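Put into structure tokens, the structure is as follows:
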């Protein structure tokens, strides 16, 4: 390895570390970091009564941290943009039993039909299936020292919660969601 390669590599590592530290440093403007990957995605649109309105290709939503924070407020920002988790039994949609659709707090994408909601006893709103597989992304999450499947909004990549294989029929799945990442729209 030449001295030039060594110095350049060291400088790149130091610069990357500085960017990472500054991104989260107190007092540093939060709008520096960008959340989301530009591009297009095909989702399924639904009315608030759960009627399938068809597929549509739309632009993904990409915003800075500052823009998301202004739109969502502190609690929803921390949960949907920083993958935090709300306290059990604290979410506003936990006890929502009306007919309607649960939508993404960040972009209004339909996520869950109220007809798939069930009482899991966990303290978080739980569903046995998303309203359309096209509307959610499932990614491997190893952040807590265990492997789980994280559920995100397909359009804005907002963190919704996790999916587990201990749910009821017909899927056997439990989509354990954060209320702060969703809003309920009555039919």
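Numbering (UniProt numbering), first residue to last: 1 to 187.
Every residue gets a Cβ at the ideal spot worked out from N, C-alpha and C, and that includes glycine.
Quick caveat, the model's predicted, so the values are computed rather than measured.
So for residue 180, helix, strand or coil by DSSP? helix
Residue range of the alpha helix (DSSP H) that residue 99 falls in? Segment: none, residue 99 is in no alpha helix (DSSP H) and carries neither H nor E.
Please classify residue 166 as buried or exposed, where buried requires at least 16 other C-beta atoms within 10 Å of its C-beta. exposed
Quick check: the Cα distance between residue 104 and residue 181, rounded to an integer number of angstroms? 6 angstroms
Pull up the distance between the alpha-carbon of residue 62 and that of residue 157, whole angstroms please. 9 angstroms
Below 8 angstroms, how does it come out for the region 122-132 and the region 168-187: are there three or more Cβ pairs, yes or no? yes
For a test of the three-state rule: what should DSSP assign to residue 76, helix, strand or coil? helix
Under a three-way DSSP split, which group does residue 113 fall into? strand
Whole runs of the beta strand (DSSP E) within the region 39-66, excluding any shorter than 3 residues: 40-46, 52-59
Hey, residue 111 and residue 136 are a contact pair by Cβ (cut 8 angstroms); roughly how many whole angstroms apart? 6 angstroms
Beta carbon of residue 199 nearer than 9 angstroms to that of residue 58: There is no way to answer for residue 199, as the model of the chain reaches only from 1 to 187.
Closest to residue 38 by C-alpha separation, out of 134, 187, 178, 154, would be which residue? 154
Please state the DSSP three-state secondary structure of residue 188. In the structure as shown, the chain starts at 1 and stops at 187, and residue 188 therefore has no counterpart that could be examined.
Please name the residue or residues paired with residue 122 in a DSSP beta bridge. Bridge partners of residue 122: none, in fact.
Run through DSSP, which three-state label would residue 174 get? strand
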